[in-house]
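Notes for the one structure printed next.
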Amino acid sequence: MAQDGTMTIEISYATEADIDDVASLFEQYRSFYGKAPTHDARTFLEERVAGGQSLVLVARDGYRVLGFAQAYRAFDSIRLAHEWILTDLFVDGAARGRRVGGGLVDALVTSARDNGAHAVIVETEADNGYAHRLYESRGFEQARDTGRSVRYALHLRDHH
Numbered sequence: 126m127a128q129d130g131t132m133t134i135e136i137s138y139a140t141e142a143d144i145d146d147v148a149s150l151f152e153q154y155r156s157f158y159g160k161a162p163t164h165d166a167r168t169f170l171e172e173r174v175a176g177g178q179s180l181v182l183v184a185r186d187g188y189r190v191l192g193f194a195q196a197y198r199a200f201d202s203i204r205l206a207h208e209w210i211l212t213d214l215f216v217d218g219a220a221r222g223r224r225v226g227g228g229l230v231d232a233l234v235t236s237a238r239d240n241g242a243h244a245v246i247v248e249t250e251a252d253n254g255y256a257h258r259l260y261e262s263r264g265f266e267q268a269r270d271t272g273r274s275v276r277y278a279l280h281l282r283d284h285h
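As numbered in my numbering, the sequence shown has no gaps in its residue numbers, which increase by one up to the final residue, 285.
Pasting the structure below:
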């Protein structure tokens, strides 16, 4: 607990023990994009985590999961390197304003850098001003704007 009485937010890699909590937030995330709840969402997450197919980070306030980020490793044949693509970032409504999203992005960038990635890529809706400010505040640069979505890139290494 912090000196001001608030709980310290901890960010870690998700484990199979986190799946139920993350799946609940994952359903809220999918609902935001107009998707109906389904049991397949939990299975989808479980398979990604158990199989090491994606990197899932969770933010906790004690035992309560406040948010998650999910990224996939992709390969860039031109640069002969790999990058992380941040596909999912969600923070519980009650935890917004506590810098949870920024903490998750920072942890993902650190993990990507530590694992030799040349970049972190993210795409978000064109009208999601909060996301634009979040990524830009962390050094991401616009790589493409389609009018409906904006792709950002944070280059971590120079590969030829």
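The beta-carbon is built from N, C-alpha and C at its ideal position, and this holds for glycine as well.
Same chain, Cβ closer than 8 angstroms to residue i, five either side skipped, listed in chain order
i: V230; result: A194, L211, L214, L259, Y260, R263
i: Y273; result: Looking at the sequence itself, residue 273 is Arg, so the reference to Tyr does not match. Hits under 8 angstroms: E250, A251.
i: I134; result: A184, R185, D186, L191, R223, R224, V225, G228
i: S137; result: L182, V183, R185
Spatial neighbours of residue i in its chain, beta-carbon cut-off 6 angstroms, leaving aside the 5 residues before and after
i: H280; result: A244
i: E171; result: I144
i: R269; result: R276
i: E248; result: S274, R276
i: G218; result: none
i: F200; result: H207
Other residues of its chain near residue i: CB distance less than 7 angstroms, five sequence neighbours each side excluded
i: V216; result: L191, G192, V225, G226
i: F237; result: The residue you asked about is not Phe; residue 237 is Ala in the sequence shown. Only W209, V245, L281 meet the Cβ criterion.
i: R198; result: H207, W209
i: Y154; result: D213, F215
i: A278; result: A244, I246, F265, E266, A268
With 16 other Cβ atoms within 10 Å as the buried cut-off, status of residue i
i: F265; result: buried
i: F151; result: buried
i: S179; result: buried
i: A196; result: buried
i: A242; result: buried
i: Y158; result: exposed
i: A148; result: buried
i: A232; result: buried
i: A139; result: buried
i: A256; result: buried
Per DSSP, the bridge partner or partners of residue i
i: A244; result: E208, H280
i: R185; result: E135, V190
i: Y197; result: I210
i: R269; result: R276
i: E250; result: S274
i: L180; result: A196
i: V230; result: Note: V230 sits in no beta bridge, so no partner.
i: F215; result: F193
When you compare the segment 143 to 151 with the segment 172 to 186, are there three or more beta-carbon pairs, one atom per stretch, that lie closer than 8 angstroms?
Touching, per the Cβ criterion.
**Asked** Residue ranges of each beta strand (DSSP E) run of no fewer than 3 residues wholly in the segment 140 to 164, ordered along the chain?
**Response** Whole beta strand (DSSP E) segments, 3+ residues: zero.
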